[in-house]
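Okay, structure first, notes after.
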Amino acid sequence: MRNLPQRATRLTLVSGGRAPEREAAIAQALQPQESTAVILEGLATGNSILADLAEPTSPSSSLPLQLLRIAPGCLCCSGNLVLRVTLNRLLRHPPAHLFISLADATHIEQLRAWLSASPYDVWLALEADLLLT
């Protein structure tokens, strides 16, 4: 990654419930006029509230919501490399807030640990998790 950010991107991990419930919780947490990115684990279901809110974006876009999907799989284990590549690309033009939706929270503590370690400790400010029941 290149130059250090002026301000770290706030990061919220979202877990529990089904994918539509996690997306609805993220949609409720969105702040107007705040650049936000959402990384969703898994394939689109066809009824995505976040997809309706997001528009096609580019790194130079000033749109408030950027929606990214990555293949399903444990983001701490098998999906780790995919998540790192996605994060590194996203953080070239960091949003103010980033949500990462997890289909399985089994390794959420390990995920928090490596997101808190170098190099992400400079780029991300981890906030309280959003846990659905």
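The working numbering applies: residue 16 is where the sequence shown begins, and numbers increase by one.
Note that beta-carbon positions come from the ideal geometry of N, C-alpha and C, so glycine has one too.
This structure is a prediction, so every number in the text was calculated from the model and none was measured.
Who are the Cβ neighbours of residue i in its own chain at under 6 Å, not counting the five residues just before and after it?
| i | result |
| --- | --- |
| residue 140 | 23, 25 |
| residue 43 | none |
| residue 35 | none |
| residue 115 | 28, 54 |
What does the Cβ neighbour count give for residue i, buried or exposed, with the cut at 16 atoms within 10 Å?
| i | result |
| --- | --- |
| residue 47 | exposed |
| residue 37 | buried |
| residue 21 | exposed |
| residue 90 | buried |
| residue 53 | buried |
| residue 109 | buried |
| residue 146 | exposed |
| residue 143 | exposed |
Could you check whether residue j and residue i sit closer than 8 Å to each other, using their CB atoms as the reference points?
| i | j | result |
| --- | --- | --- |
| residue 28 | residue 96 | no |
| residue 57 | residue 118 | yes |
| residue 65 | residue 85 | no |
Looking only at its chain, what residues have a beta carbon closer than 7 Å to the beta carbon of residue i, apart from the 5 residues adjacent to it on each side?
| i | result |
| --- | --- |
| residue 131 | 141 |
| residue 50 | 79, 110, 111 |
| residue 68 | 42, 80 |
Which value, in whole angstroms, describes the spacing of the CA atoms of residue i and residue j?
| i | j | result |
| --- | --- | --- |
| residue 72 | residue 81 | A caution first: residue 72 carries a pLDDT of 49, below 50, which makes its placement in the model unreliable, though a value can still be read off. One C-alpha to the other measures close to 6 Å. |
| residue 88 | residue 111 | 26 Å |
| residue 99 | residue 30 | 19 Å |
| residue 63 | residue 121 | 24 Å |
| residue 33 | residue 124 | 20 Å |
| residue 148 | residue 45 | 20 Å |
What does a CB cutoff of less than 8 Å around residue i pick up in its chain, not counting 5 residues either side in sequence?
| i | result |
| --- | --- |
| residue 83 | 52, 53, 54, 55, 101, 105 |
| residue 113 | 24, 25, 26, 27, 51, 52, 53, 54, 105, 139 |
| residue 39 | 64 |
**Study point:** In chain order, each beta strand (DSSP E) run of at least 3 residues that lies wholly inside the segment 95–125
**Key:** Entirely contained in the segment 95–125, the beta strand (DSSP E) runs reaching 3 residues are, in chain order, 112–117.
**Study point:** Within the segment 19–48, ranges of the beta strand (DSSP E) (whole runs, at least 3 residues)
**Key:** For the segment 19–48, the full-length beta strand (DSSP E) segments reaching 3 residues or more read 24–30 along the chain.
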